[in-house]
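Student: For the sequence shown, counting from 1, position 153 maps to 140 in my numbering; every step adds exactly one.
Beta carbons are placed, not taken as given, at the ideal position from N, Cα and C, and that holds for glycine.
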Amino acid sequence: MEQYDISVIGAGPAGLFCAIHASAHGSRVLLIEKMDEPGKKLLLSGTGQCNITHAGEMRDFLSHYGDHGKWLKPALFSFTNKALIAFFEELGLPMQAEENGKVFPKTRQSADVLAVLLKECKAKGVEIRCGEPVAGISHQDKGFEITTSRATYRSAVMVITTGGSSYPKTGSTGDGYRFCESLGQPVTEIAPALTPLLIRNFPFAALAGISFEQMPFTVWRSGKKVSEHKGDVLFTHLGLSGPGILDASRNILPDDLIKLSFVGTMKREEFTADLASRVQENRTWQVSTILAAYPIPERLNRKLLKISDIPDDLKCNHFSAEQRTRLAANCTEFPSTVTAPGGYAVAMVTRGGVALDGVNMKTMESKIVPGLYFAGEVLDIDGDTGGYNLQAAFSTGYLAAEGIRKRLEEKGLP
Ligand SMILES: Cc1cc2nc3c(=O)[nH]c(=O)nc-3n(C[C@H](O)[C@H](O)[C@H](O)COP(=O)(O)OP(=O)(O)OC[C@H]3O[C@@H](n4cnc5c(N)ncnc54)[C@H](O)[C@@H]3O)c2cc1C
């Protein structure tokens, strides 16, 4: 049975970053990964380009984790977006912020981010064992006993960085929650988040691929408006996606109604009045030509007329008040009923996880099991799109390493 100072379970961004910083103080660190290679999800991130963090002030990050941002404050402020950018740039990978604030490596390659992390692990002497799923963990007075498919290891301190349950093909299949259960560490209910929405009888399937910048939309439940949003929206074959929808999906339930506006911020009454005046001024024009004056793609223009039961070639002088009312409603508040948020296979992150009140969020150590630490998505934290999830994984990974350093120093260990 091999003995380590620190074992880290799961070689995603949180585990790799924690291992790098934990080993910096001379500890012997083992990083165990179930897949054949580390960082499978990191490689997919940002469609392979890796939106690693977001530009701007750290205090602005806090609102991007639902109502859990305040818990992340110590981690985010102990290792900021600027520190993350500096970390990679000092190791030879320059970063670049887009106008919208998203930060990517200049090379636009997630593989380059992973390569830096792996090189740094090697430089720091982190021992990485891949293709070795951890099957069980037990805790005794002297630390942890970790059983994998190949061996059993012991360590004084252990970090769980197994990620969530989304995109299970990348290795994150919720094992960390199971380990927590066996160790008596509370876990909240989990659900897919940052997920596309499946829409009942979605009428725009043939328009899949059309996207809308900063589309206003509202969410309704049992006849009541529950939230208002504005963000980029994409039509898919089965419903709605795009960053605006993904970010809102955290709080969307089956049977919720999404009302989409295809005419920007114009409210229904305003649009109705605007449409009426254009129709009045251009009596011999076709209604479709009037509609083309709004930011509605041509194929959607025709579809909206059809759904509103208005012939393609209808002229304004035959455009009835009822037809106008129907068209205005469909252009400003198009109703789409959610069958279900997409499942774990398509969700970018997992909502819920290790309960935050069971963790000292200043050190990332369990309040229940001494020497047990957490970092990354296994925690009950999910961020918006835009680099917030990777920043949380890196910041919590760093803070866990710092917490461990302090603990080992107090105990006089390396
Ligand atoms: C398609 C996609 C695109 C994304 N794009 C972005 C983006 O651009 N920006 C952003 O901020 N976020 C993005 N995310 C989210 C981000 O990738 C995750 O939040 C982040 O990877 C979480 O890091 P982690 O280290 O906590 O977990 P993970 O990256 O999930 O890593 C956990 C690791 O633990 C391993 N593991 C699990 N169980 C065991 C076990 N029993 N034994 C050993 N190892 C185990 C897994 O195999 C995995 O390698 C994206 C997610 C997806 C799915």
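1. Do you know offhand how far K106's Cα is from L343's?
2. Is the beta carbon of S198 less than 8 Å from the beta carbon of G218?
3. On a Cα-Cα basis, can you pick out the residue from M253, R46 and R313 that is closest to F64?
4. I need the DSSP call for K212, collapsed to helix, strand or coil.
5. Nearest by alpha-carbon distance to L18: which of H41, L366, S(-6) and T135 is it?
6. Enumerate in chain order the residues of its own chain whose CB-to-CB distance from F166 is below 7 Å, with the five nearest sequence positions on each side excluded.
7. Between E285 and T350, what straight-line distance do the alpha-carbon atoms span, to the nearest angstrom?
8. In angstroms with no decimal places, state the Cα-to-Cα distance between V325 and F75.
9. One question on the structure: do K21 and P120 come within less than 8 Å of each other, judged by their Cβ atoms?
10. Restricting to runs no shorter than 4 residues, where is the alpha helix (DSSP H) found entirely within the stretch 252 to 305?
11. Are the Cβ atoms of F48 and Y375 separated by less than 8 Å?
12. Go through its chain and collect everything with a Cβ distance to R137's Cβ below 6 Å, but skip five positions before and after it.
13. Would you decide whether R187 is buried or exposed? Buried here means 16 or more other CB atoms lie within 10 Å of its CB.
14. Would you kindly work out how many angstroms separate the C-alpha atoms of F189 and I283, rounded to a whole number?
15. Would you check whether ligand 1 has a heavy atom nearer than 7 Å to the C-beta of Y154?
16. Is the separation between the beta-carbon of L30 and that of P0 shorter than 8 Å?
17. Taking three-plus beta-carbon pairs below 8 Å as touching, is the stretch 291 to 301 in contact with the stretch 329 to 341?
Tutor: Let me lay it out:
1. In the sequence shown, residue 106 corresponds to position 119, counting from 1. In the sequence shown, residue 343 corresponds to position 356, counting from 1. About 32 Å.
2. Within the sequence shown, numbered from 1, the residue matching residue 198 stands at position 211. Within the sequence shown, numbered from 1, the residue matching residue 218 stands at position 231. No Cβ-Cβ contact shorter than 8 Å links S198 with G218.
3. The sequence position of residue 64 within the sequence shown is 77, counting from 1. Per the Cα distances, R46.
4. Taking the first residue of the sequence shown as 1, we reach residue 212 at position 225. Residue state, collapsed to three classes: strand.
5. Start at 1 with the first residue of the sequence shown, and residue 18 comes out as number 31. Here the closest residue by C-alpha is S(-6).
6. For the purposes of this step, residue 166 is taken as the residue at position 179 of the sequence shown. I124 and I147.
7. As a working note, residue 285 is residue 298 in the sequence shown. As a working note, residue 350 is residue 363 in the sequence shown. Between E285 and T350, the C-alpha separation is close to 55 Å.
8. The residue labelled residue 325 in the question sits at position 338 within the sequence shown. The residue labelled residue 75 in the question sits at position 88 within the sequence shown. Computed Cα separation, rounded: 41 Å.
9. As a first step, residue 21 must be located in the sequence shown, where it is residue number 34. As a first step, residue 120 must be located in the sequence shown, where it is residue number 133. At the C-beta level, K21 and P120 come within 8 Å of one another.
10. Fully enclosed alpha helix (DSSP H) runs of 4 or longer: 255 to 268, 274 to 278 and 285 to 294.
11. On the sequence shown, position 61 is the one that residue 48 refers to. On the sequence shown, position 388 is the one that residue 375 refers to. Yes, they are a contact pair.
12. Mapped onto the sequence shown, residue 137 falls at position 150. Within its own chain, the residues whose Cβ lies closer than 6 Å to the Cβ of R137, once the five positions on either side in sequence are excluded, are E119, listed in chain order.
13. For the purposes of this step, residue 187 is taken as the residue at position 200 of the sequence shown. With fewer than 16 other beta carbons inside 10 angstroms of its own, R187 counts as exposed.
14. Locating residue 189 in the sequence shown gives position 202, counting from the first residue. Locating residue 283 in the sequence shown gives position 296, counting from the first residue. F189 and I283: Cα-Cα distance of roughly 18 Å.
15. For the purposes of this step, residue 154 is taken as the residue at position 167 of the sequence shown. Result yes, Cβ under 7 Å from ligand 1.
16. Within the sequence shown, residue 30 is the residue found at index 43, counting from 1. Within the sequence shown, residue 0 is the residue found at index 13, counting from 1. Against a cut-off of 8 Å, the Cβ pair of P0 and L30 comes out as no contact.
17. As far as the Cβ criterion goes, the stretch 291 to 301 does not touch the stretch 329 to 341, which means the pair count is below three.
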